[in-house]
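Beneath this line is the structure, given in structure tokens, with notes to follow.
In my numbering, the protein residues as written are 481 to 623.
Pasting the structure below:
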């Protein structure tokens with residue numbers, strides 16, 4: 481009888497440990513996602529103040545969205561194809577041609593970028609289409 485009780489407690493402890501690890505992983509991914517969104521919004525606001533303001537996006541016109549999408553969709557290999565590749569988005573995020581001083585905490589890590597790209601690319605096509613881009617901009621602007 482004692483071995484059954486010990487086995488039961490051992491299994492219960494293993495299940496609780498696994499559940500704790502999963503919960504921690506989900507919490508960490510959500511923290512990375514929020515940090516990446518914040519850094520992406522900061523980068524977007526440098527080039528387009530009106531598009532990502534942290535407020536509602538009622539002042540954003542379709543032209544603003546199209547212009548910003550096209551500014552990002554400008555890669556050497558597949559630029560201008562109407563889809564933003566991972567390389568194009570990374571180039572946009574890491575490009576600081578405007579001469580701004582970048583604080584270390586503002587620099588997006590590769591892990592944050594990967595989480596960000598996955599959260600924008602809803603259909604998991606490894607490219608961001610215009611609808612996914614607009615949905616993400618609306619999400620970033622949601623108070």
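For glycine and all other residues, C-beta sits at the position ideal for the given N, C-alpha and C.
Quick caveat, the model's predicted, so the values are computed rather than measured.
Report task. Report the partner residues of residue 608 according to the DSSP bridge assignment. Result -> For residue 608, which the question treats as bridged, DSSP gives the partners 564.
Query raised in the report: Between residue 600 and the ligand NAD, is the CB less than 8 Å from at least one heavy atom?
Result: This structure lacks the ligand NAD; in fact it carries no ligand of any kind.
Requested in this report: Ignore the nearest five residues each way along the sequence and tell me which others in residue 566's own chain have a CB closer than 6 Å to its CB.
Outcome: 597.
Query raised in the report: Distance, Cα to Cα, residue 624 vs residue 495?
Result: No information on residue 624 is available, as it lies outside the stretch 481 to 623 that the chain covers here.
Report task. Have a look at residue 484 and residue 621 and give me their C-alpha separation to the nearest angstrom. Result -> Residue 484 and residue 621: Cα-Cα distance of roughly 55 Å.
Query raised in the report: In whole angstroms, what separates the C-alpha of residue 624 from that of residue 595?
Result: Past the boundaries of the shown model lies residue 624; the chain is included only from 481 to 623, so the question cannot be answered.
**Report entry** Residue from 562, 492, 555 and 590 with nearest C-alpha to residue 546
**Finding:** 562
Query raised in the report: Can you tell me the Cα-Cα spacing of residue 603 and residue 588, whole angstroms?
Result: 23 Å
Query raised in the report: Residues in its own chain within less than 8 Å of residue 581 by CB, not counting five upstream and five downstream?
Result: Note that residue 581 has pLDDT 47, beneath the 50 cutoff, so the model's placement of it is unreliable and the number below is only indicative. Counting only Cβ-Cβ distances below 8 Å, and skipping sequence neighbours, we find nothing.
Requested in this report: Go through its chain and collect everything with a Cβ distance to residue 591's Cβ below 7 Å, but skip five positions before and after it.
Outcome: For residue 591, where only same-chain residues beyond five positions count, the Cβ hits under 7 Å are 512.
Query raised in the report: Is it right to say residue 540 is buried, meaning 16 or more other beta carbons lie within 10 angstroms of its own, or is it exposed?
Result: buried
Report task. Helix, strand or coil for residue 588, going by three-state DSSP, please let me know. Result -> coil
Query raised in the report: Quick one, which of 520, 564, 574 and 514 has its alpha-carbon nearest residue 607's?
Result: 564
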